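If you read the sequence shown in my numbering, its first letter stands for residue 3, the second for the next number, and so on.
Beta carbons: idealized from backbone N, C-alpha and C, even for Gly.
For clarity, every value in this text was computed on a predicted model and none was experimentally measured.
Notes for the one structure printed next.
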Amino acid sequence: MFQKNYETVFILTPVLSDVQMKDTVDKFVNLLKEQGAEIVNVENWGLKKMAYAIQKKSTGFYVLIEFKAEPTLIKKFELEIRRDEKILRFLTTAFDKHSLAYAEKRRKGEFNKKAEAKEEQAS
């Protein structure tokens, strides 16, 4: 059937251990795979400070999952995310052709290469 490209970023509670965090991420990745989604990329951005407190927590583990799925899967996926108490916030966005090209460049690290080149020129 018709599949679209999506990305979901979610923030996990900072009280989790590394093992618990990885288990939670794996749970959602496996849920997507079971429903027929194709996982494109999973990135763990680590523990970051948030701009404002959520549930009296000022930090959280940020995780990005890029995947291809049918639009009907998103409601089921987001329902499972809402049921999990370990997740403070999440956002799922659908890619258009421009954001898809941007995501591919970001995965390849093209933006980091430009920053590194500027640093080398400055020294």
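{"query": "To test your reading of the DSSP string, which unbroken beta strand (DSSP E) runs of 3 or more residues are found completely within the segment 88-113?", "result": "89-96"}
{"query": "Based on the DSSP secondary-structure assignment, which residues constitute the bridge partners of residue 43?", "result": "68"}
{"query": "Just the Cα atoms here: how many angstroms apart are residue 10 and residue 58?", "result": "23 Å"}
{"query": "For residue 7, list the residues DSSP reports as bridge partners.", "result": "70"}
{"query": "In the DSSP assignment, what are the bridge partners of residue 56?", "result": "59"}
{"query": "Which first and last residues belong to the alpha helix (DSSP H) in which residue 37 is found?", "result": "Per DSSP, residue 37 belongs to no alpha helix (DSSP H) and is neither H nor E."}
{"query": "Would you call the CB atoms of residue 82 and residue 18 closer than 8 Å?", "result": "no"}
{"query": "Can you tell me which of the three DSSP states residue 18 falls into?", "result": "coil"}
{"query": "Quick test of the definition: if touching needs 3 or more C-beta pairs under 8 Å, does the segment 31-49 touch the segment 60-68?", "result": "yes"}
{"query": "Please indicate yes or no: does the CB of residue 61 lie closer than 7 Å to some heavy atom of the ligand MG?", "result": "Within the structure as shown, the ligand MG is missing, as the structure has no ligands at all."}
{"query": "Residue 94 and residue 76 - do their beta-carbons sit closer together than 8 Å?", "result": "yes"}
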